[in-house]
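Asks: Each step along the sequence shown adds one to the number in this note's numbering, with nothing skipped, and position 134 is 348.
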Amino acid sequence: MSQDTQNILSVPKHVAIIMDGNRRWAKEKGLPSLEGHRRGADNFEKLAERAKELGILCFTGWAFSTENWKRSKEEVKYLFSLIGGLAERYKKKCQEKKTKFIHLGRKDRIPEETRKTLEDVEESTKGFNDFTVAIGVDYGGHDELLRVMKKMKEDKEEITQENIEKNLDTASLPQIDLIIRTGGEKRLSGFMSWQCAYAELYFTDTYFPDFGVKQLEEAVKNFSQRERRFGGN
215 MSQDTQNILS
225 VPKHVAIIMD
235 GNRRWAKEKG
245 LPSLEGHRRG
255 ADNFEKLAER
265 AKELGILCFT
275 GWAFSTENWK
285 RSKEEVKYLF
295 SLIGGLAERY
305 KKKCQEKKTK
315 FIHLGRKDRI
325 PEETRKTLED
335 VEESTKGFND
345 FTVAIGVDYG
355 GHDELLRVMK
365 KMKEDKEEIT
375 QENIEKNLDT
385 ASLPQIDLII
395 RTGGEKRLSG
405 FMSWQCAYAE
415 LYFTDTYFPD
425 FGVKQLEEAV
435 KNFSQRERRF
445 GGN
């Protein structure tokens, strides 16, 4: 364990990151926007590895929102190719490092090849519990809640907090402690609408491809210095 890790007093169990700024990063460097997404995907892998080293139990990234379908067909196709490639690479890595992989979001609209890859990695890593990597693909917080309500209506379940939470995409994951958003925007854009209630928020102007392990450590250190009251005094 590094000295930097030892200096972090209280490590969040679950960190979720809104990976914003890939396209602006590419534009400022005179590169195609697709290159920004590629760099972002590579960066997510590095951050997930560091998160595990820091003692974080679950690391979640928002890769494709329910609103991202509005982007060009070329960009959408490339994003799903990147997501499928990331999941495929993760399959071997997750098995070697006993990491569980989970897809959050809708299953019905994702291209079949990408969906099958995500399902395959989920199935092959479902027995691991030490560390979890979750990827939000075709995920939106409002869409998630609508899906939950429809399912509960079909199953004739009573609407209670407990029943809602057990039907969320994140039902098997620890409560989110820290949400990070890169790229300068100071809003959640519908990310984890239910789960964000008591999450600490950390906003940074740094574009996601430049948000490295040192920046992650700084965000976690900032979290450790906050007093969390959960509605109490």
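Just so it is clear, CB atoms sit at the ideal spot from N, CA and C, and this is done for glycine as well.
1) Between residue 394 and residue 406, how many whole angstroms is the CB-CB distance? I'm expecting something under 8 Å.
2) Determine the DSSP secondary structure at residue 276, reduced to helix, strand or coil.
3) Determine the contact status of residue 270 and residue 229, defining contact as a CB-CB distance below 8 Å.
4) What is the C-beta distance between residue 322 and residue 358, in whole angstroms, given that I count them as a contact (C-beta under 8 Å)?
5) Rounded to whole angstroms, what's the CA-CA distance from residue 427 to residue 437? Just pull it up for me.
6) Got a sec, what are the start and stop residues for the beta strand (DSSP E) residue 393 sits in?
7) Would you tell me roughly how many angstroms separate the C-alpha atoms of residue 314 and residue 249, rounded to the nearest one?
8) Going by alpha carbons, who is nearest to residue 246 out of 231, 292, 410?
9) I think residue 309 touches residue 274, with their Cβ atoms under 8 Å apart; what is that distance to the nearest whole Å?
10) Just to confirm, is the Cβ distance from residue 283 to residue 232 under 8 Å?
11) For the putative contact between residue 365 and residue 381, defined by C-beta atoms under 8 Å, what is the C-beta separation to the nearest angstrom?
12) How should residue 356 be labelled, buried or exposed, when 16 other C-beta atoms within 10 angstroms of its C-beta is the threshold for buried?
Replies: In terms of the structure at hand:
1) Rounded, the Cβ-Cβ distance is 12 Å, inconsistent with contact.
2) strand
3) yes
4) With a Cβ gap of about 13 Å, residue 322 and residue 358 do not count as contacting.
5) 15 Å
6) 392–395
7) 28 Å
8) 292
9) Not a contact, Cβ separation roughly 20 Å.
10) no
11) 6 Å
12) exposed
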